[in-house]
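Engineer:
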Amino acid sequence: MLDSGRPFLVSHHENLTKHYGEFYEEINHLVMALHDHLGIRRGDVVGIWSGNVYDWIVIQYACLRLGAILCTANPFYKSFELDYAIRKGEMKALFMPGKQSRQDFVNNYSKIIHETLHNKSENEELPLHLKNIISIDGERYGENDFPSDLQIKTFELNKLKQYNKELDRSI
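Here it is in structure tokens:
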């Protein structure tokens with residue numbers, strides 16, 4: 214068994230060091246939050262549209278543990294590409310940088326998600342399954358940032374990682 218106090222990952226650009234115990238705990242909390250709050254089940258598709266950050270790994274392992282399918286979207290995608298990925302991938306949840314994210318230098322995520330969900334899609338024949346948007350960093354999106362008919366719920370990743378419930382090992 215691994216020593217939970219040993220370093221698991223060092224991210225210099227985020228000035229962050231995580232130990233095995235912290236990493237395991239964050240995964241467990243996120244798994245339960247995805248399952249209980251977002252309704253993600255085994256076989257559901259979860260998308261991530263983000264640059265290279267520590268939370269990317271937490272999300273990947275949480276999806277693996279839950280049995281969800283992780284669909285990655287290139288952080289440089291523009292509106293029509295993101296729309297296609299969300300619809301074709303049948304994403305139920307999308308992890309992405311929030312408003313005024315430190316990742317905005319890569320792409321204008323807020324503008325693109327707004328365009329993607331507000332404009333008429335070229336892919337209307339593909340249904341939109343997206344129900345949850347989770348902000349990885351920056352400011353959380355509000356429900357009124359998106360068309361009300363889509364009924365998209367918004368969350369902050371840091372709050373989901375704090376979800377405090379005993380892990381149900383049956384999932």
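FYI, the numbering for the sequence shown is 214 to 384, going by the working numbering.
Glycine included, every Cβ here is placed at the ideal spot set by N, Cα and C.
Values in this document were obtained by computation on a predicted structure and should not be read as measured data.
#1: Specify the secondary structure class of K374 as computed by DSSP and reduced to three states.
#2: Along the chain, where does the alpha helix (DSSP H) that runs through A298 open and close?
#3: Should N345 be labelled buried (16 or more other beta-carbon atoms within 10 Å of its own) or exposed?
#4: If we ignore side chains and look at the alpha-carbon of each, how far apart do I384 and K372 end up?
#5: Is DSSP giving V271 helix, strand or coil here?
#6: Hey, would you say I270 sits closer than 8 Å to L222, going by beta carbons?
#7: Could you tell me which uninterrupted alpha helix (DSSP H) segments, each at least 4 residues in length, are contained entirely in the stretch 288–366, listed from first to last along the chain?
#8: Take the Cβ of G355 as the centre, count every other Cβ of all protein chains shown within 10 Å, and call the residue buried at 16 or more, exposed below.
#9: Taking buried to mean at least 16 other C-beta atoms within 10 Å of its own C-beta, is L380 buried or exposed?
#10: Name the two residues that bound the continuous alpha helix (DSSP H) containing N242.
#11: DSSP has L229 in a bridge; who is on the other side?
#12: Please list the terminal residues of the continuous beta strand (DSSP E) segment that includes A286.
#13: How far does the beta strand (DSSP E) with I261 in it extend, from its first residue to its last?
#14: CB-CB under 7 Å to N320, same chain, minus the five flanking residues each way: which ones, in chain order?
#15: Leaving out five residues on either side along the sequence, give the residues of the same chain with a beta carbon under 6 Å from the beta carbon of G280.
Structural biologist: Let me lay it out:
#1: coil
#2: S292 to K301
#3: buried
#4: For I384, the pLDDT reaches just 46, beneath the cut-off of 50, and the residue's location in the model is therefore unreliable, leaving the point undetermined.
#5: helix
#6: yes
#7: 292–301 and 322–331
#8: exposed
#9: With a pLDDT of only 48 at L380, under 50, the local geometry of the prediction cannot be trusted, and the value read off the model is given with reservation. L380 comes out exposed.
#10: The question names Asn, yet the displayed sequence has His at residue 242. Here the alpha helix (DSSP H) through H242 covers Y233 to D249.
#11: S224
#12: I282 to A286
#13: V258 to W262
#14: P288 and F289
#15: R255
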